[in-house]
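> For reference, the structure I am asking about is given below.
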Amino acid sequence: AFIRNFSSPYSHLQRYLVGEDDRKGGEDEAKHLEQQQQKRPPQRRLITELTTSSFVASIMDQQMDVLLFYYTQWCGFCSVLNHVLIQLARLLQGNGTITVARVNVARNDLPWEFMVDHVPSILLFPRYRKPLSVKYPDNLPITLPNLLRFILQHSGSLHHRNRSSVGAQGSGLGGVLHSEFLALQREVQTLHHARERLSQQLAQLWRENRQLKFDKRRTEQSLERQVQEKSQQLAEALGRLQQLADASETLLNENMLLKVLLRALKNRTEAEEQAEVEREETGQEKSHQAP
1 AFIRNFSSPY
11 SHLQRYLVGE
21 DDRKGGEDEA
31 KHLEQQQQKR
41 PPQRRLITEL
51 TTSSFVASIM
61 DQQMDVLLFY
71 YTQWCGFCSV
81 LNHVLIQLAR
91 LLQGNGTITV
101 ARVNVARNDL
111 PWEFMVDHVP
121 SILLFPRYRK
131 PLSVKYPDNL
141 PITLPNLLRF
151 ILQHSGSLHH
161 RNRSSVGAQG
171 SGLGGVLHSE
181 FLALQREVQT
191 LHHARERLSQ
201 QLAQLWRENR
211 QLKFDKRRTE
221 QSLERQVQEK
231 SQQLAEALGR
241 LQQLADASET
251 LLNENMLLKV
261 LLRALKNRTE
271 AEEQAEVERE
281 ETGQEKSHQA
291 P
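Under full-length UniProt numbering, read the sequence shown as residues 1 to 291, first letter to last.
Below, the structure is given as C-alpha cells:
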C-alpha cells in the first residue's frame, strides 16, 4: 500500500520537491508574481515553461494534449532543438487543445514516475488518456515533420471521437490539421525555392571555380613559357659572354706577341743603324789616310 500510494500521481503522501520557484524566493514571491500576472492582459506563450509547482497540474490537464520537452541548460543538443520546438509551437498556435511545454530537469525536481533517463527527451501526454503517455522514439530524428506525425498518431483528440460530433471534429481538429498541412506545404515550397537558389549558387560557384582553374592553368603555362624563353635568352647571353671572354683572351695574347715582335724589330733596326754608322766612320778614316 505504501508503494502504491507513493507511486500514485495524486498520493496522500506529501512530497517536498525543489523547483525554480523555491530558488527564486519561495511561495510568497510566486504568489506575488501570479497576482501581477493576473493584472496584466493574458498572453499565450508559444512554449509553456513548466516548474516543479506547475508540472503535474499542467501535464495532467484532461482537456489538453501536452507535448513535453525535457532539457537542461548544459545540454548543447537541447539548445540546437529549440528552433524546431518554436516552429512546431507556431504551427500549433491556433489549436487550443495542444500545448507545447518544456521543463528544465536540472533546476526542477519532478516526481520520479515522470523522470527520464537522458536529455533531450520528448513525451506526449494525450488528451483524456493521461496514463497512456508516449515517449518519442530515440532512433527517430527530432524534426518538424516527425514531431507532427508523432502528435497526430498519438493525440488524444483523434482517439476520443465520442466526446464531440463529427461536424465539430471537421470544423475544429480538421481545420487545424488543414491549416497545419497548408503551413507545411508553404514551408516545403519555401525549402524547394531555397534548394533551387542554392543549386543555382552552387552551379555558379562550380563554373567560377572551373574558370579559375582554367585561368590558373593558362597562367601557369604562360609563366612556364616565359621562364623557358628567359632561360634560353640567358643561356644565349652566357654563350656570347663566353665567346667575348675567349676573344678578349686571344686578343691579349696576340697583343703580347706583337709587343715582343716590335721590340725585337726595334732592337734589330737599332743594331743595323749602329753598324751602318760604324761602317761610314771607318770609310771616312780610310779616305783621309790614303793621300
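Glycine included, each C-beta is placed from N, C-alpha and C at the ideal position.
All of these numbers come straight from a predicted model, not from anything done at the bench.
1) Which one of 122, 195, 201, 97 has the shortest CA to CA distance from residue 105?
2) I believe residue 52 touches residue 117 by the beta-carbon criterion, under 8 Å. Please report the beta-carbon distance rounded to the nearest angstrom.
3) Any idea what DSSP makes of residue 108, helix, strand or coil?
4) Three or more C-beta pairs closer than 8 Å, one from the segment 126-133 and one from the segment 72-89: is that the case here?
5) Is residue 17 helix, strand or coil by DSSP?
6) Under the three-state reduction of DSSP, which class applies to residue 47: helix, strand or coil?
7) Can you give the Cα-Cα distance for residue 264 and residue 248, rounded to whole angstroms?
8) Give the secondary structure of residue 277 by DSSP, where H, G and I count as helix, E and B as strand, and everything else as coil.
9) Going by DSSP, name the residue or residues bridged to residue 99.
10) In this structure, what does DSSP give as the bridge partners for residue 135?
11) If you draw a straight line from the alpha carbon of residue 78 to that of residue 120, how long is it in whole angstroms?
12) Can you give me the Cβ contacts of residue 266 inside the same chain, cut-off strictly under 6 Å, excluding the 5 residues immediately before and after it?
Concretely, from the data shown:
1) As a first step, residue 105 is located in the sequence shown; it is residue number 105 there, counting from the start. The candidate whose alpha carbon is nearest that of residue 105 is 122.
2) As a working note, residue 52 is residue 52 in the sequence shown. As a working note, residue 117 is residue 117 in the sequence shown. Not quite, the Cβ-Cβ distance comes to about 19 Å (not below 8 Å), so this is no contact.
3) By 1-based counting over the sequence shown, the position of residue 108 is 108. Reduced to three states, the DSSP call for residue 108 is coil.
4) no
5) If you number the sequence shown from 1, residue 17 lands on position 17. Correct three-state label for residue 17: coil.
6) Residue numbering aside, residue 47 sits at position 47 when the sequence shown is read from its first letter. Three-state result, residue 47: coil.
7) For this step, residue 264 is matched to residue 264 along the sequence shown. For this step, residue 248 is matched to residue 248 along the sequence shown. Going from the Cα of residue 264 to the Cα of residue 248 covers about 24 Å.
8) Within the sequence shown, the letter at position 277 stands for residue 277. Three-state result, residue 277: helix.
9) If you number the sequence shown from 1, residue 99 lands on position 99. BP columns for residue 99 point to 66.
10) Mapped onto the sequence shown, residue 135 falls at position 135. Its beta-bridge partners are 123.
11) Locating residue 78 in the sequence shown gives position 78, where the first residue counts as 1. Locating residue 120 in the sequence shown gives position 120, where the first residue counts as 1. Distance between the alpha carbons of residue 78 and residue 120 is about 6 Å.
12) On the sequence shown, position 266 is the one that residue 266 refers to. There are no such residues.
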